[in-house]
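Below is one structure, written out as structure tokens; comments come after it.
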Amino acid sequence: MPLHEHDALVIGAGLSGLRTAIELADHLDVAVLTKVHPLRSHSVAAQGGINAAMSEDDSWKSHAFDTVKGSDYLADQDVVELLTREAPSAVIENEQWGTAFSRTEDGRIAQRPFGGAAFPRTCYAADKTGHNLLHTTFEQALRKGVRFYHEWFVTSLVRDKERICGLTALEIATGDIHGFVAKAVVLATGGFGRVYGHSTNAIINTGDGCALALRVGAPLKDMEFIQFHPTCLHGSAILITEGARGEGGYLVNAKGERFMSRYAPEKMELAPRDIVARAIQTEVKEGRGFDGGHVHLDLRHLGKERIMERLPGIREICIHFGGMDPIDDPIPIKPGQHYSMGGIHCDKHGVTPVAGLYAVGENACMSVHGANRLGGNSLLETLVFSKIVGQMAGEYAEKCPAPKGTCVEEETHRMRERLQALLLRETGESVSEIREEMGEIMDRLVGVYRVQDELESGLKRIRELKEKFGNIEVGDGDRRFNYALIRALELENMLDLAEVITMGALMRRESRGAHWRTDFPARDDDQFLKHSVFMLVDDWIKTEYIDVNLGEFEVKERTY
Amino acid sequence: MFVRIARSRDGGAITHYDLYKIAPTKGMTVLDALFQIQDKMDPSLSFRYSCRGAVCGSCGMLINKEPRLACRTQLSEVQTQDMKLKPFASLTDRPTGWNPEKEILVEPLPNLPIEKDLIVDMSRFYDALEKLKLWVDPVEGDEPRTQSPDDRRKIERYVNCIMCAICYGSCPVNAEREEYVGPAALAKTWRFYEDSRTDDPERFVRAARSAEGAPLCDLIMNCVKACPKGVAPGGAIRKMKD
Numbered sequence: 001m002p003l004h005e006h007d008a009l010v011i012g013a014g015l016s017g018l019r020t021a022i023e024l025a026d027h028l029d030v031a032v033l034t035k036v037h038p039l040r041s042h043s044v045a046a047q048g049g050i051n052a053a054m055s056e057d058d059s060w061k062s063h064a065f066d067t068v069k070g071s072d073y074l075a076d077q078d079v080v081e082l083l084t085r086e087a088p089s090a091v092i093e094n095e096q097w098g099t100a101f102s103r104t105e106d107g108r109i110a111q112r113p114f115g116g117a118a119f120p121r122t123c124y125a126a127d128k129t130g131h132n133l134l135h136t137t138f139e140q141a142l143r144k145g146v147r148f149y150h151e152w153f154v155t156s157l158v159r160d161k162e163r164i165c166g167l168t169a170l171e172i173a174t175g176d177i178h179g180f181v182a183k184a185v186v187l188a189t190g191g192f193g194r195v196y197g198h199s200t201n202a203i204i205n206t207g208d209g210c211a212l213a214l215r216v217g218a219p220l221k222d223m224e225f226i227q228f229h230p231t232c233l234h235g236s237a238i239l240i241t242e243g244a245r246g247e248g249g250y251l252v253n254a255k256g257e258r259f260m261s262r263y264a265p266e267k268m269e270l271a272p273r274d275i276v277a278r279a280i281q282t283e284v285k286e287g288r289g290f291d292g293g294h295v296h297l298d299l300r301h302l303g304k305e306r307i308m309e310r311l312p313g314i315r316e317i318c319i320h321f322g323g324m325d326p327i328d329d330p331i332p333i334k335p336g337q338h339y340s341m342g343g344i345h346c347d348k349h350g351v352t353p354v355a356g357l358y359a360v361g362e363n364a365c366m367s368v369h370g371a372n373r374l375g376g377n378s379l380l381e382t383l384v385f386s387k388i389v390g391q392m393a394g395e396y397a398e399k400c401p402a403p404k405g406t407c408v409e410e411e412t413h414r415m416r417e418r419l420q421a422l423l424l425r426e427t428g429e430s431v432s433e434i435r436e437e438m439g440e441i442m443d444r445l446v447g448v449y450r451v452q453d454e455l456e457s458g459l460k461r462i463r464e465l466k467e468k469f470g471n472i473e474v475g476d477g478d479r480r481f482n483y484a485l486i487r488a489l490e491l492e493n494m495l496d497l498a499e500v501i502t503m504g505a506l507m508r509r510e511s512r513g514a515h516w517r518t519d520f521p522a523r524d525d526d527q528f529l530k531h532s533v534f535m536l537v538d539d540w541i542k543t544e545y546i547d548v549n550l551g552e553f554e555v556k557e558r559t560y
Numbered sequence: 561m562f563v564r565i566a567r568s569r570d571g572g573a574i575t576h577y578d579l580y581k582i583a584p585t586k587g588m589t590v591l592d593a594l595f596q597i598q599d600k601m602d603p604s605l606s607f608r609y610s611c612r613g614a615v616c617g618s619c620g621m622l623i624n625k626e627p628r629l630a631c632r633t634q635l636s637e638v639q640t641q642d643m644k645l646k647p648f649a650s651l652t653d654r655p656t657g658w659n660p661e662k663e664i665l666v667e668p669l670p671n672l673p674i675e676k677d678l679i680v681d682m683s684r685f686y687d688a689l690e691k692l693k694l695w696v697d698p699v700e701g702d703e704p705r706t707q708s709p710d711d712r713r714k715i716e717r718y719v720n721c722i723m724c725a726i727c728y729g730s731c732p733v734n735a736e737r738e739e740y741v742g743p744a745a746l747a748k749t750w751r752f753y754e755d756s757r758t759d760d761p762e763r764f765v766r767a768a769r770s771a772e773g774a775p776l777c778d779l780i781m782n783c784v785k786a787c788p789k790g791v792a793p794g795g796a797i798r799k800m801k802d
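Residue numbers (my numbering), protein chains in the order written: chain A, 1 to 560; chain B, 561 to 802.
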């Protein structure tokens with residue numbers, strides 16, 4: 001089978017991948033590889049909105065300060081400046097492409113209050129903002145004639161001593177392994193929420209890009225910082241947007257108290273997510289939750305009209321997945337994994353330590369969210385940085401010669417043999433059992449509250465599962481549309497990340513943002529105002545700490 | 561609880577049905593049941609999935625002879641619901657042995673070629689978006705356009721489309737005429753035509769009125785009844801035909 005050749009390859013077709021490809025399409029031969037059709041990407045599920053200081057009374061500096069404080073001062077301030085300065089133009093670009101933002105009476109883009117923000121600066125399209133942005137951005141990618149490889153699963157990245165040379169990928173429809181030669185590769189595969197059992201993320205969010213990067217020698221960063229969203233529907237863990245609290249929803253415990261007054265007397269329900277998630281966990285732990293370990297998000301006082309106009313998607317979710325209507329009843333909610341602040345170590349231009357390899361969006365760690373991301377900043381991150389990363393990857397690809405195909409060809413043969421052997425194995429460990437156990441371990445031992453002995457036991461058990469994975473049986477030998485194989489490969493990726501997350505949590509002996517150690521409940525700036533960096537060396541993970549890019553916002557105590 | 565699932569290893573046509581006994585839990589959806597089967601009983605079963613929350617549009621399939629999103633369909637509700645669709649062959653042909661009292665029947669979405677099991681080839685459906693050029697030609701300038709809340713409301717219904725192709729799979733015209741672009745693509749042309757910000761709205765209606773578009777619609781309205789998002793393409797197509 002001949003090798004495919006392109007100037008640049010983008011892996012993933014959510015907002016980050018699509019916008020990167022649009023940027024590259026004008027000058028270069030770019031192709032996007034994605035394991036699902038672009039419209040099925042998880043960006044589609046983002047609900048509440050996208051932050052931008054659009055009004056005269058607001059400023060990028062105020063947005064930047066909120067972001068840095070929200071990050072518990074771990075965000076790199078130069079990256080935050082870029083994010084917040086460029087925010088309005090990212091929103092305006094998508095408006096001009098046709099996104100149907102909700103509007104104020106005088107026709108401007110409407111903005112709602114969001115957690116941890118000093119100003120109502122979250123632009124939205126009802127409670128389907130990600131859906132609207134993704135469909136619009138996909139339309140523009142079609143207009144540009146971007147080349148897609150739909151339903152292709154990337155199996156490995158290929159590099160020589162100096163730089164990236166391409167990748168290997170499995171065509172899901174045929175089961176064939178193909179080699180791709182490219183000068184630049186941009187990873188935009190989203191988060192790794194499915195490492196946890198209880199997650200708002202799509203089933204496809206398995207951190208493929210992070211695992212691919214780690215294996216090719218690119219470091220990961222700040223992996224212990226996992227965001228737990230406070231309001232996930234009890235049961236299925238489907239997200240109930242922060243916008244529901246932005247519109248005025250109350251959090252209420254089983255005693256009928258608006259308990260946030262105990263944790264964030266000023267901001268109440270609109271404190272940042274890490275604080276609200278811990279508050280809910282504490283209420284439940286201290287016996288003030290409802291049976292089943294949840295609390296209520298009450299929207300009833302907003303009234304039918306406002307719920308129907310501003311939160312129609314939330315109402316649909318409650319009716320179809322929760323068996324209740326928020327117009328008549330409070331929503332049963334509890335915290336669940338939601339977002340990965342950590343990811344592939346790169347700078348604000350997406351440049352990783354491997355020449356030609358770039359990262360953008362949730363799988364990247366620039367770091368713009370530090371220890372805790374503010375709601376409304378993730379959609380923003382995708383659109384602002386994918387444009388920049390597209391430009392950087394384009395400039396790189398334009399000036400460097402095409403890599404030789406030899407190493408890609410060798411890796412393609414190796415991958416083909418490896419997967420054939422895997423499919424031929426007739427007995428072994430169950431993929432779904434390992435996956436379920438991993439989720440259970442991560443939920444219970446590496447969750448909202450963490451402690452030394454639990455983390456140690458979690459790490460031991462994750463490593464045992466990695467051993468077990470070496471003896472799995474896929475269970476289906478067919479080549480075409482073999483989703484049992486895809487789920488096995490995804491699990492392999494997730495196990496690698498689960499190990500790194502747990503190691504990071506174990507080594508960070510402080511509490512900062514979303515990472516809370518009950519045995520080290522204070523922030524320790526002397527030792528840990530640092531990014532953790534994880535690198536695969538031979539067969540083990542090497543960890544080190546690097547400095548945070550501080551700036552004009554002074555590191556202070558964080559209260560709301 | 562039993563689930564009877566259409567199988568097609570090599571694609572083309574359904575070759576047989578497999579019957580699985582699943583352990584139902586409270587609130588279990590058809591998609592949950594498919595995962596239970598794939599995980600615990602039969603890893604060879606192929607189907608598409610992603611968000612499991614009715615926003616990504618991956619898992620449209622025929623469930624008890626009605627096109628639905630598997631993730632949004634609770635097992636406990638399947639037998640009591642009735643979309644009252646106008647019948648055509650895929651909706652009326654009953655596999656031998658199916659006992660509707662005891663078994664939930666799951667088949668691939670009609671009107672698109674079967675690739676394997678519950679996976680259909682969506683190319684025709686996606687190609688319509690490019691054929692009709694369903695995108696905006698960007699405006700120049702640094703300012704966002706304004707739009708009144710009332711004008712925004714006019715397109716609300718249509719921008720909610722998740723491109724799941726359930727309308728396409730429910731349409732008796734799509735069942736017979738491969739060339740018909742189908743309800744979702746036409747609803748999207750109307751979304752751009754009705755958008756107060758669109759520079760050249762006529763281009764979209766011209767595209768919709770081409771030979772493979774609105775003229776082929778017989779206003780049967782199965783799309784309106786089957787749409788899981790309340791998009792109601794049929795209403796928009798009726799206006800285009802006028």
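Note that CB positions come from ideal geometry on N, CA and C, so glycine has one too. Please read all numbers here as calculations on a predicted model, not as lab measurements.
Discussion item. I need the straight-line Cα distance from His4/A to Asn624/B, nearest angstrom please.
Written reply: On the first sequence, position 4 is the one that residue 4/A refers to. On the second sequence, position 64 is the one that residue 624/B refers to. So the alpha carbons of these two residues sit roughly 43 Å apart.
Worksheet item: Alpha carbon to alpha carbon, what distance is there between Thr84/A and Phe180/A?
Response: Position 180 of the first sequence, counted from the start, is the residue given in the question as residue 180/A. Position 84 of the first sequence, counted from the start, is the residue given in the question as residue 84/A. If you take the alpha carbons of Phe180/A and Thr84/A, they lie about 36 Å apart.
Worksheet item: Interface residues of chain B around Val474/A at Cβ under 8 Å?
Response: As a working mapping, residue 474/A is identified with position 474 in the first sequence. Chain B residues near Val474/A: Pro603.
Practice prompt. Please go through the stretch 9 to 37 of chain A and give each complete beta strand (DSSP E) segment of 3 or more residues, from N-terminal end onward.
Written response: Taking only runs of at least 3 residues, the beta strand (DSSP E) segments lying wholly in the stretch 9 to 37 of chain A are 30 to 34.
Worksheet item: Is it right to say Phe562/B is buried, meaning 16 or more other beta carbons lie within 10 angstroms of its own, or is it exposed?
Response: As a first step, residue 562/B is located in the second sequence; it is residue number 2 there, counting from the start. Phe562/B comes out exposed.
Practice prompt. Identify, in the order they occur along the chain, each residue of the same chain with its Cβ nearer than 7 Å to the Cβ of Gly248/A, setting aside the five sequence neighbours on each side.
Written response: Your numbering for residue 248/A matches position 248 in the first sequence. Its chain contains Leu302 as the residues whose beta carbon lies nearer than 7 Å to that of Gly248/A, once the 5 sequence neighbours on both sides are disregarded; these appear in chain order.
Worksheet item: Comparing alpha-carbon positions, which option in Gly48/A, Gly115/A, Arg278/A, Leu82/A lies nearest Lys61/A?
Response: Here the question's residue 61/A lines up with position 61 in the first sequence. Out of Gly48/A, Gly115/A, Arg278/A, Leu82/A, Leu82/A has the C-alpha closest to the C-alpha of Lys61/A.
Worksheet item: Hey, does Asp599/B have any beta-carbon neighbour from chain A nearer than 8 Å?
Response: Here residue 599/B refers to the residue found at position 39 of the second sequence. Look at Asp599/B: its C-beta is under 8 Å from a C-beta on chain A.
Practice prompt. For Cys721/B, I'd like the list of residues in its chain whose CB is within less than 7 Å of its CB, leaving aside the five on either flank, ordered along the chain.
Written response: As a working note, residue 721/B is residue 161 in the second sequence. Short of 7 Å from the beta carbon of Cys721/B, and not among the five residues preceding or following it, lie these beta carbons of its own chain, in chain order: Ala744, Ala747, Lys748, Lys789, Val791.
Worksheet item: Of all the CB atoms in chain B, is at least one closer than 8 Å to the CB of Leu142/A?
Response: Counting from one through the first sequence, the residue named residue 142/A turns up at place 142. Chain B contact via Cβ: present.
Practice prompt. Would you list, in chain order, the members of the stretch 478 to 492 of chain A that have their beta-carbon closer than 7 Å to a beta-carbon of chain B?
Written response: If you check each beta-carbon in the stretch 478 to 492 of chain A against every beta-carbon of chain B, the ones closer than 7 Å belong to Asp478, Arg480, Phe481, Tyr483, Ala484.
Worksheet item: Apart from the five residues just before and just after Asp66/A, which ones in its own chain have a Cβ nearer than 7 Å to its Cβ?
Response: Counting from one through the first sequence, the residue named residue 66/A turns up at place 66. Contacts found: Gly116, Ala117, Ala118, Leu374.
Fill in: the ligand SAH heavy atom lying under 7 Å from the CB of Ala125/A
No copy of the ligand SAH occurs in the structure displayed, which carries no ligand at all.
Worksheet entry | N-terminal and C-terminal residue of the beta strand (DSSP E) that Leu614/A is part of | Nothing can be reported for residue 614/A: it is not among the residues displayed for chain A, which extend from 1 to 560.
Fill in: In chain order, each alpha helix (DSSP H) run of at least 4 residues that lies wholly inside the stretch 110 to 160 of chain A
You should have 129 to 143.
Discussion item. Considering Cα atoms alone, identify which of Ile240/A, Ala364/A, Arg461/A, Asp347/A is closest to Asp208/A.
Written reply: Translated into positions along the first sequence, residue 208/A becomes position 208. In terms of CA proximity to Asp208/A, Ala364/A leads the group Ile240/A, Ala364/A, Arg461/A, Asp347/A.
Discussion item. I'd like the list of long-range same chain contacts for Gly458/A, defined as Cβ closer than 6 Å, with 5 residues on each side in sequence excluded.
Written reply: Numbered from 1 along the first sequence, position 458 holds the residue referred to as residue 458/A. Hits under 6 Å: Ile441, Leu445, Val446, Thr502.
Worksheet item: If you count every other CB in all the chains shown that lies within 10 Å of the CB of Arg558/A, and 16 or more means buried, which is it?
Response: If you number the first sequence from 1, residue 558/A lands on position 558. Buried.
Worksheet item: Where do the N-terminal and C-terminal ends of the beta strand (DSSP E) with Asp578/B fall, by residue?
Response: For the purposes of this step, residue 578/B is taken as the residue at position 18 of the second sequence. Note, Asp578/B: beta strand (DSSP E), 576 to 581.
Worksheet item: According to the Cβ coordinates, are Ala796/B and Pro627/B closer than 8 Å?
Response: The residue you call residue 796/B lines up with position 236 of the second sequence. The residue you call residue 627/B lines up with position 67 of the second sequence. No, Cβ-Cβ distance for Ala796/B and Pro627/B is not below 8 Å.
Fill in: Closer than 9 Å at the beta carbon, the chain B residues around Ser102/A
Walking along the first sequence from the start, residue 102/A turns up at place 102. Per Cβ cutoff of 9 Å: Pro709, Arg712.
Worksheet item: Among Lys399/A, Val555/A, Gly190/A, which one has its Cα closest to the Cα of Arg40/A?
Response: Translated into the one-based positions of the first sequence, residue 40/A becomes position 40. For the residues Lys399/A, Val555/A, Gly190/A, the minimum Cα distance to Arg40/A belongs to Gly190/A.
Worksheet item: Would DSSP call Glu557/A helix, strand or coil?
Response: By 1-based counting over the first sequence, the position of residue 557/A is 557. It is coil, neither helix nor strand.
Discussion item. Quick check on the burial criterion: 16 or more other C-beta atoms within 10 angstroms. Buried or exposed for Ser683/B?
Written reply: Mapped onto the second sequence, residue 683/B falls at position 123. The residue is exposed, with fewer than 16 neighbouring Cβ atoms inside 10 Å.
Item to complete: Pull up the CB-CB distance for Gly166/A and Ala141/A, whole angstroms please, since I reckon it's below 8 Å.
Response: Against the first sequence, residue 166/A aligns to sequence position 166. Against the first sequence, residue 141/A aligns to sequence position 141. About 22 Å separates the two Cβ atoms, so there is no contact after all.
Worksheet item: From the DSSP output, which residues share a beta bridge with Gly620/B?
Response: Counting from 1 along the second sequence, the entry for residue 620/B is found at position 60. Gly620/B pairs with Leu629/B.
Worksheet entry | Three-state secondary structure assigned by DSSP to Asn671/B | For the purposes of this step, residue 671/B is taken as residue 111 along the second sequence, with counting starting at 1. Asn671/B: coil per DSSP, three-state reduction.
Worksheet item: When Cβ atoms are compared, which residues of the stretch 321 to 333 of chain A fall closer than 9 Å to chain B?
Response: Contacts with chain B (Cβ-Cβ distance below 9 Å) from the stretch 321 to 333 of chain A involve Phe321, Gly322, Gly323, listed in chain order.
Discussion item. Going by DSSP in three states, Tyr263/A sits in which element: helix, strand or coil?
Written reply: As a working mapping, residue 263/A is identified with position 263 in the first sequence. Residue state, collapsed to three classes: coil.
Discussion item. Can you pull the chain B neighbours of Lys577/A, defined as C-beta to C-beta under 9 Å?
Written reply: Outside the displayed span of chain A (1 to 560) sits residue 577/A, for which this structure offers no information.
Worksheet item: For chain A, is any of its Cβ atoms less than 8 Å away from the one on Ser618/B?
Response: Mapped onto the second sequence, residue 618/B falls at position 58. For Ser618/B, the answer is yes, since a Cβ of chain A falls inside 8 Å of its Cβ.
Item to complete: Could you tell me which chain A residues have their CB closer than 8 Å to the CB of Glu703/B, listed as they occur along the chain?
Response: Taking the second sequence and counting its residues from 1, one reaches residue 703/B at position 143. For Glu703/B, the chain A residues whose Cβ falls inside 8 Å of its Cβ are Ile92, in order along the chain.
Worksheet item: When Cβ atoms are compared, which residues of the stretch 43 to 68 of chain A fall closer than 7 Å to chain B?
Response: Under the 7 Å Cβ criterion, the stretch 43 to 68 of chain A contributes Val44, Ala45.
Worksheet item: Which residues of chain A have a Cβ atom closer than 7 Å to the Cβ of Thr706/B, listed in chain order?
Response: If you number the second sequence from 1, residue 706/B lands on position 146. Contact note: Thr706/B reaches chain A through Gly107, Arg108, using a C-beta cutoff of 7 Å and chain order.
Fill in: Interface residues of chain B facing Arg306/A [CB-CB closer than 8 Å]
Sequence index remark: in the first sequence, residue 306/A carries index 306 (1-based). What Arg306/A touches in chain B: nothing, since even the nearest Cβ is about 13 Å away.
Worksheet item: Exposed or buried, Arg509/A, counting other C-beta atoms within 10 Å across all chains shown (16 or more means buried)?
Response: If you number the first sequence from 1, residue 509/A lands on position 509. Around the beta carbon of Arg509/A, fewer than 16 other beta carbons sit within 10 angstroms, so the residue counts as exposed.
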